[in-house]
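Below is one structure, written out as structure tokens; the observations come after it.
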């Protein structure tokens, strides 16, 4: 039986790599509508990523640990530097910021349930804190964004940590985006916007610009909350080395770096695919910055018992326990998942295939989260659609996924002889491609070569 | 990012206190930048003996030996040279003898000190509190995209007796640097501020006044910035059109001062009755002795 | 812009708890102001441009700050009546929820930024971005305001007795602006609007609450044309 590819080959048909069918469709769409394409998720194109790295497991010189009895710890403490109450998480995987507005109330509830079951944190998003999420999340990180939608001191005091957001990987330099179809009465009320309009968002904070003024702002947040809570600073990956240094200078207790594969619910396609750098290229920059400042994995001070370190959370395309382990090996203290968490809840599940087709898409391809017509009921405000999503069942699914991520990371760590997943190190890794070797700063497999090292 | 301070004295009675007041202002701005700092002082008789050409040199292994007619005063890691000739001539000799040294500043009555370290420590090492003069400019630095080295410190000397300090960041300076290089300008660092300084220097060398030079800069550079440019007898302040970086100006009959934050001005004598305001975007404010 | 205006020679009542920032760390002062069930009157002396003075207060108390403050004074204020007898730096009363903040001098940038409620009175001038992202606060400015004021102003009322700088109300949502003096230019989607009886009444109430008795007939109202409420290619030049 011949395939369409065989048929085309026989006919001598050759697709242009430059003007391929995707490029053609994009140009024709622009010509028809006169407006840029808006979609969700992160960069879709193939990029050097964790799959290009491999672990060097046990051998004659390194001994593996047995499962179960021979411990491989997974806990992590975030924000011990200044806060009275750092976050003690059971696993090094957290749930990234995603707004109520972008997601439905039940979806936020499910994230809280699942994270709490697994002993980790969730993060609010660009729309404020919902009672559902605070009620369900054992550890809740409250985002402080340029828009300041819903920001208020009561919620600030209810939070377990505060995350000052400069940007995210999908759109470093862009503000939040939520279209009218998702600005329901409740969302509008929380954001102080008229119902049904297309939200315009600021891309810069209204009352500070630059790390010198961020220093003062971080102090303000500490003063308002009596120095109780860790302050995170989140950046989309661009000039990561400088950004991390400046974040630490400005007073961050934890730095969150989100690579270009990091998702969003809605922004311009060109922003997602063409601004920001791959997660793999960002991690070593961040780690180098922290090391040069003497705050990377810095232990507790004997005198005060307080940690001197600034922790690094990495996000942007974390999909499985191998990704988690590789991020930790490169120097992260924890990772955050966004897209993967939603997929665990049911996003892009094949059971919705018929509905995706009706929307002009297909399971595995759906990215129009801005439309609010998500058949999985997760990224919508439509009451009928969101009623399809069971937050209790969703919570269990997420907890399952988080446990698998953790166990997979432990499996790898044990195979490398580590008693704790954060004991993984860059020397446990090799790369399969020159680009990955250069970006991750680990040698090409079978060689000692790290391209660009020493430059 | 950074803190800027500038003090222009209008009454001779305060000249002996210039260093003390400037040190206080600089110390307050250490929170905005604790990596490194730099100052320019106009009129200290020890640092820049009156009637002589002066050159400030740093990043050099040992005291420069230019000739028996050149006096050398060492202040921490900077050497302040003076001679009975125009500053440009002395500068030429220094460059010829020590091509790799960093020229921190040059011009009659001007001493420029730059260093890596906490601004308060540097201030002490320089003995700033004892300096005298009629005008001083200072800068505390939190390095943004370039390294923490003496060459990365402000003030940048833009011409004889001229200095520039900057709070903020430019975003299209790489291209402007290339254009300036093609025009024969050389650079000491990868710092964005240096591009702004060399641009202004080029404008001034072409005969334009400070106000026009700064207006040209506003038209050419993208970014958020507050700039302070000083000359022997004047200083000028300008902010970009969007004006997100802070700037406060205070004025009395005895002095005019500028800083990134009011608290740097809080210790100045008579500040309780000073006129205090913020510069409007893209307006050049200038004071002349 | 005006020179500094300050109240001098005011007698301090006996029941006031006084803190001197020259000898007491700011952390101690803010801690005291955060005590549960707080009551009474407080005075903070010699702020000397300190940042974050009296932030996060959440009690029906009176606080008098005697001198100039730095950034974010009275930030996220709830319920308290706070007077800053001097100038205020960037972001005075930012994100205030309720209560009153009064600045007797001038305010720097982003005064009342993103505030949800309460009343902010600036007796002098306010600099750029006054009322940026305001979400329900009332702001009354005795003097003039700088450029980009009321940028993305979502809700609340801004009253300006003097002039307004460039790009007033750029991207404004539902906030209402009343200006007595000249407006250098209007921002995207911000237009002049008619003053109907309800607007005169609202303005009179705001002026009175701030301690002014101007004739509202001298004012012009500005607000959203609501043309940017839905993304449309024809508005491309506004984005």
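Residue numbers (my numbering), protein chains in the order written: chain A, 423 to 877; chain B, 125 to 413; chain C, 148 to 386.
Ideal Cβ positions, reconstructed from N, Cα and C, are used throughout, including at glycine.
Small disclaimer: the values here were computed from a predicted structure and weren't measured.
Applying a beta-carbon distance threshold of less than 7 Å, which residues of chain C neighbour residue 641 of chain A? 198, 199
At a Cβ threshold of 7 Å, is residue 247 of chain C touching chain A? No, no contact with chain A.
Among residues of its own chain, excluding the 5 on either side of residue 156 of chain C, which ones have a beta-carbon nearer than 7 Å to its beta-carbon? Residue placement at residue 156 of chain C cannot be trusted, given a pLDDT of 46 that sits under 50; what the coordinates show is reported in the next sentence. In its own chain, leaving out the 5 sequence neighbours on each side, no residue places its CB closer than 7 Å to the CB of residue 156 of chain C.
If distances are taken between C-alpha atoms only, which option among A:495, A:529, A:519 comes closest to residue 513 of chain A? Per the C-alpha coordinates, the member of A:495, A:529, A:519 positioned closest to residue 513 of chain A is A:495.
Which one of A:603, A:719, A:736, A:533 has the shortest CA to CA distance from residue 730 of chain A? A:719
Counting only beta-carbon atoms, is residue 382 of chain B nearer than 7 Å to chain A? no
With residue 670 of chain A and residue 717 of chain A assumed to form a contact (beta carbons below 8 Å), what rounded beta-carbon distance in angstroms separates them? 6 Å
Since residue 588 of chain A meets chain C, which of its residues come closer than 9 Å, beta carbon to beta carbon? Going along chain C, no residue has its Cβ under 9 Å from residue 588 of chain A, so there is no contact; the nearest lies around 16 Å.
Would you call the CB atoms of residue 125 of chain B and residue 266 of chain B closer than 7 Å? yes
Grouping DSSP H, G and I as helix and E and B as strand, with all else coil, what is residue 409 of chain B? strand
At what residues does the beta strand (DSSP E) containing residue 204 of chain C begin and finish? It is not in any beta strand (DSSP E) - residue 204 of chain C carries neither H nor E in the DSSP assignment.
Check whether chain B comes within 7 Å of residue 289 of chain C, counting only Cβ atoms and requiring the distance to be less than that. no
Pairing CB atoms from the segment 229–247 of chain C with CB atoms from the segment 260–269 of chain C, are three or more of them under 8 Å? yes
Proximal residues of chain A, C-beta to C-beta of residue 125 of chain B below 7 Å: What residue 125 of chain B touches in chain A: 632, 633, 634.
Counting only C-beta atoms, is residue 671 of chain A closer than 7 Å to chain B at any point? yes
Would you identify the three-state DSSP class for residue 424 of chain A, choosing helix, strand or coil? Residue 424 of chain A: coil per DSSP, three-state reduction.
When you compare only the Cα positions, how much space is there between residue 652 of chain A and residue 841 of chain A? 27 Å
Could you tell me whether the Cβ atoms of residue 708 of chain A and residue 831 of chain A are closer together than 7 Å? no
When burial is assigned at 16 or more other CB atoms within 10 Å of the CB, is residue 364 of chain C buried or exposed? exposed
Beta carbon of residue 501 of chain A, beta carbon of residue 665 of chain A: below 7 Å? no
Give the DSSP-derived three-state secondary structure of residue 437 of chain A in the structure shown. coil
Does the beta carbon of residue 339 of chain C come closer than 7 Å to any beta carbon on chain A? no
Any C-beta of chain A sitting closer than 7 Å to the C-beta of residue 286 of chain C? no
Inter-residue CB distance, residue 403 of chain B and residue 361 of chain B (contact presumed, cutoff 8 Å): About 5 Å separates the CB atoms of residue 403 of chain B and residue 361 of chain B; that is less than 8 Å, so the two are in contact.
Restricting to Cα atoms, I'd like to know which of B:392, B:313, B:308, B:287 is closest to residue 351 of chain B. B:287
Taking 7 Å as the CB-CB cut-off, is residue 730 of chain A touching chain C? no
If you reduce the DSSP assignment to three classes, tell me which class residue 494 of chain A lands in. coil
Status (buried if at least 16 other CB within 10 Å, exposed otherwise) for residue 224 of chain B: exposed
Assuming residue 142 of chain B and residue 178 of chain B make a contact with CB atoms under 8 Å, what is their CB distance in whole Å? Between residue 178 of chain B and residue 142 of chain B the Cβ distance is about 16 Å, and since that is not below 8 Å, they are no contact.
Residue 285 of chain C bridges to which residues according to DSSP? In the DSSP output, where bridge partners are listed per residue, residue 285 of chain C has C:266, C:304.
Does the Cβ-Cβ distance between residue 393 of chain B and residue 367 of chain B come in under 7 Å? no
Interface residues of chain B facing residue 195 of chain C [CB-CB closer than 7 Å]: 387, 390
Local Cβ density within 10 Å of residue 506 of chain A, reported as buried at 16 or more and exposed below that: exposed
Cutting at 7 Å between CB atoms, please list the residues of its own chain near residue 767 of chain A, excluding the five before and the five after it. 529, 532, 800, 816, 819, 820
Rounded C-beta distance between residue 129 of chain B and residue 262 of chain B? I'm assuming under 8 Å. 4 Å
Flag residue 154 of chain C as yes if its beta-carbon sits less than 7 Å from any beta-carbon of chain B, otherwise no. Confidence is the limiting factor: at residue 154 of chain C the pLDDT is only 47, short of 50, which leaves the residue's position unreliable, though a coordinate-based value still follows. Chain B contact via Cβ: absent.
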